[in-house]
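See below for the structure under consideration.
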Amino acid sequence: MKILLKGFGSIGKRHASNLLALGYTDLVIITSKSTLGDGLDHLLKYRSVQEAADNHTGFTHGFICSPTAFHMSDLKAFLKVGIPNIYIEKPVSHTLDFCIDLGHEIQQSNTRVQVGFDLHFDPGLMKAKEIIESGEIGKILSANAFVGQYLPDWRPYEDHRKGMSASIEKGGGVMLDLVHEFDYLRWIMGLPAKICAIYQSNPLLEIETEDVSDILIQFSNGATASLHLDYHQRDLIRNCVFTGEKGTLIWDLAKKSISLTREDRSTSIFDFSEFERNDRYVQIVKSFIEKPNDLRLTSFNEALVSLRMVLDSKKSSDTSSVIEFKKI
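When the sequence shown is numbered by UniProt numbering, its final residue is 328 and no position is left out of the sequence of numbers.
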């Protein structure tokens, strides 16, 4: 097992630490940083994928943890050197440019590409999906998702005005940053049919990207969803209410719980407070390497759906129109 990891910001460092803890020690880093820190300076590092490939052979797995805007160019570089298993941090990209062509190249080269939607490994969301699919609350009529967190608190070690979230060019903005919500609604409720949205770009945070967005989605099965995203909540709020014909389920990621109310008014509370956030990052990496058929993993094409949902939401707001979701 030989692993190449590109990008050494917070998520790249997290994956590197988790890989080492799992025993995957044959790890090479691509970064422009002079030092890695956190006890990781013993790892070999290079400045480009090609330089690493010129000095090492037999990479079996690759991790793309660079800023969103570089994902497709990095994917192209990984494909060029023949890495057979590639993990891309979410979102898959910030634009559809090159995605379709690279998708064909992935298929032709028989390369396995997965995208890092780690919420699929959150025990609360997994339980919510299990309950919904069991039919316990009946046919899902609607979902109401809400997520908000104060951007300056996300990465307190950096100036939020200079980070990826603040930059259009780097692929920032609340919709791409919080693409998890688009993805898990797709994962649980299926493909969208129509999308409309309104987003705001306020001056308070001194960033150039959108900081508030409200989206309405109609799915192919007729169910609807509302989705609120913002960079302003001082205390993290992240939950979703699923309303079915026979009951209601509330998944709360921030409170690590599920509340289930059935049609007879009986209730159940599921507590996941012992689960740590890093656990889901460990589990998704472990599944990517050891369990390639794990249905919780997200394929390249599935990740393109959530990206297109974001892009359609932006188009809807920019044109004041309802966008029909089209197959590509």
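Beta carbons are placed, not taken as given, at the ideal position from N, Cα and C, and that holds for glycine.
Fair warning: this is a prediction, and the values are worked out from it, not measured in the lab.
Coil, strand or helix - E302 by DSSP: helix
Short Cβ contact (8 Å threshold) for F59 with T31: no
Where E324 sits in the DSSP three-state scheme: Secondary structure of E324 (DSSP, three-state): strand.
Within 8 Å, strictly: CB atoms of A288 and G103: Note that residue 288 corresponds to Phe in the displayed sequence, not to Ala. Not closer than 8 Å, so no.
Inter-residue Cα distance where the pair is I198 and D153: 25 Å
Classification of H71 by the beta-carbon crowding that lies within 10 angstroms, buried from 16 upward: Using a 10 angstroms sphere on the CB of H71, the tally of other CB atoms reaches 16 or more, which defines it as buried.
Length-filtered (3 minimum) beta strand (DSSP E) runs lying within the region 246 to 309: 247 to 252, 257 to 262 and 267 to 271
Beta-carbon gap between A254 and I237 smaller than 8 Å: yes
Selected residue, minimal CA-CA separation from G222, among I195, D214 and P292: I195
Assigned secondary structure, S32 (DSSP; H/G/I helix, E/B strand, else coil): Reduced to three states, the DSSP call for S32 is coil.
Candidates K327, D38, A21 and R47, of which the one nearest L5 by Cα: R47
Length-filtered (4 minimum) alpha helix (DSSP H) runs lying within the UniProt domain "GFO/IDH/MocA-like oxidoreductase" (126 to 249): The qualifying runs are 151 to 154, 174 to 177 and 179 to 189.
Spatial neighbours of Y150 in its chain, beta-carbon cut-off 8 Å, leaving aside the 5 residues before and after: For Y150, where only same-chain residues beyond five positions count, the Cβ hits under 8 Å are Y231, H232, Q233 and R234.
Chain C contact for K291 (CB, 8 Å cutoff): Among the protein chains of the structure shown there is no chain C, as only one such chain exists.
Start-end ranges of the alpha helix (DSSP H) lying completely within the region 2 to 73, minimum 4 residues: 10 to 21 and 49 to 55
Under the three-state DSSP convention, the category I83 falls into: If DSSP states are grouped into helix, strand and coil, I83 belongs with coil.
The region 78 to 90 / the region 250 to 270 touching (three or more Cβ pairs under 8 Å): no
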